[in-house]
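Asks:
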Amino acid sequence: MIKPEQTLHRKFVISRLRLASAALFVAVTFSSAPPVFAVSKDMVQLQTQIQALQDAVARLQQSNDERMGAMKDLIQQSADSINKMGANVDAMRKQLQTQQEAQGGKVDQVSGQIQSLNDSVDEIKARIATLQKLMQDVQSQQQSMSAGMPQPTSSATLPPTSPTTAPPPTTAAPVVRKGKPSAGVPQAAEAPGPAVPPADELYKTALGDYMAAKYPLASSEFGDVVKYYPDNPLSGNSFYYQAEIEFKDGRYPAAIKAYDAVLEQYPDSNKVPVSHLHKGMALFSLKENEAGTRELRTLIQRFPNSPEAMQARSKLSGMGIPVTPKH
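Numbering (mature numbering (1 follows the signal peptide of the UniProt record, and there is no 0)), first residue to last: -38 to -1, 1 to 289.
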């Protein structure tokens, strides 16, 4: 039999073993898991870092948004400036074009006035030449009459006039207009036809008809000047007015041919500059721009200070063509 003392001792040993086991379990458990305080500190630190990172990202995003806004403003301002500059350039271009057109119109007007003055001067010269011719005829007739008059004598009766003392006929050719012979002039049986009026008279008649816009008649009369007096300077003017008539009617090839006659056959004529100008205009009307440009440049080179050269410069500038060729 087991004694009571042994039973108590056994219970005491078992209880001690249980306490030791519990203590060992607690020690093992708490030694393998981190302390609660340490875990909380790490979590707080991690959350703080995450919050700081989020704040930095937010600030970066805000900064980027501000920069993008500033860039958009700059781009918009630049676009507005470019549009404004484009509008200013267009306005300046239109203003320059308007000024060129106005200047070209003024040059055309001045050139037309100068041409009218030249025509008037030509007409006055023709009239003066006609008056001089009439004065010469009158003087010749007076001299003839004086030579044919008998000398006064003491006798009451005048001696009969000898056939050798008859007044000589005048040497002036009878003035014939429109192909009709002068009245009272005897015509020889084998005469070649009516005499041709002087060059200045033919020219005066033709110029008067030109001023009256009788262009077909004037062209024919100018042709008579050229036909009968090819070496007379008035023939150069006649070719020019024939060219002008062709130009007005839109017959540009015929006009160019007549202008060339002035330029080639009468290089000293006062119609040379305007013939260069109007020949160039006729070439432009025929869409022969290169030839027209060469003609106007020739005019500018030969007569740089003439009104026609000023008009040629305005024409070339208005077409966007350089006045001087590029090398």
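Backbone N, C-alpha and C define an ideal beta-carbon position, used for all residues, glycine too.
Ordered along the chain, which non-local residues of its own chain (more than five positions away) have a Cβ less than 6 Å from that of T167?
Replies: Residue mapping note: residue 167 aligns to position 205 of the sequence shown, counting from 1. If we look at T167 and ignore the five residues flanking it on each side, its Cβ neighbours are E183.
Asks: In the DSSP assignment, find the alpha helix (DSSP H) that holds A157 and state where it starts and stops.
Replies: The residue labelled residue 157 in the question sits at position 195 within the sequence shown. Neither: A157 is in no alpha helix (DSSP H) and is coded neither H nor E.
Asks: Taking only three categories from DSSP, how would you classify S268?
Replies: Here residue 268 refers to the residue found at position 306 of the sequence shown. Here S268 sits in coil by DSSP.
Asks: Tell me which same chain residues have a C-beta within less than 6 Å of the C-beta of A180, skipping the five on either side of it?
Replies: Counting from one through the sequence shown, the residue named residue 180 turns up at place 218. Taken in chain order, the residues that qualify are A168, D171, Y172.
Asks: I need the straight-line Cα distance from A32 to N26, nearest angstrom please.
Replies: The residue labelled residue 32 in the question sits at position 70 within the sequence shown. The residue labelled residue 26 in the question sits at position 64 within the sequence shown. When rounded, the distance between both Cα atoms is 10 Å.
Asks: Is the beta carbon of L225 less than 8 Å from the beta carbon of S237?
Replies: As a position in the sequence shown, residue 225 is number 263, starting the count at 1. As a position in the sequence shown, residue 237 is number 275, starting the count at 1. For L225 and S237, yes; Cβs fall inside 8 Å.
Asks: How far does the alpha helix (DSSP H) with D186 in it extend, from its first residue to its last?
Replies: Taking the sequence shown and counting its residues from 1, the one referred to as residue 186 is at position 224. Where D186 is concerned, the enclosing alpha helix (DSSP H) stretches over 177 to 190.
Asks: Excluding the 5 residues flanking M243 on each side, which residues of the same chain have their C-beta closer than 6 Å to its C-beta?
Replies: By 1-based counting over the sequence shown, the position of residue 243 is 281. Closer than 6 Å at the Cβ level, and outside the excluded window around M243, lies no residue.
Asks: Roughly how many angstroms separate the alpha carbons of F209 and A253, rounded to a whole number?
Replies: To locate residue 209, count along the sequence shown from 1; it is residue 247. To locate residue 253, count along the sequence shown from 1; it is residue 291. Answer to the nearest angstrom: the Cα atoms are 17 Å apart.
Asks: State the DSSP-derived secondary structure class of V19, mapped to helix, strand or coil.
Replies: One-based indexing of the sequence shown puts residue 19 at position 57. It is helical.
Asks: Report, in whole angstroms, the separation of the C-beta atoms of Y190 and V158, which I expect to be a contact under 8 Å.
Replies: The count along the sequence shown starts at 1 and reaches residue 190 at position 228. The count along the sequence shown starts at 1 and reaches residue 158 at position 196. Contact between Y190 and V158 is confirmed by a C-beta separation of about 5 Å, below the 8 Å threshold.
Asks: Our contact map puts L239 next to Q273 with C-beta atoms below 8 Å; I'd like the distance itself, whole angstroms only.
Replies: Mapped onto the sequence shown, residue 239 falls at position 277. Mapped onto the sequence shown, residue 273 falls at position 311. Contact flag correct, Cβ pair sits at about 6 Å.
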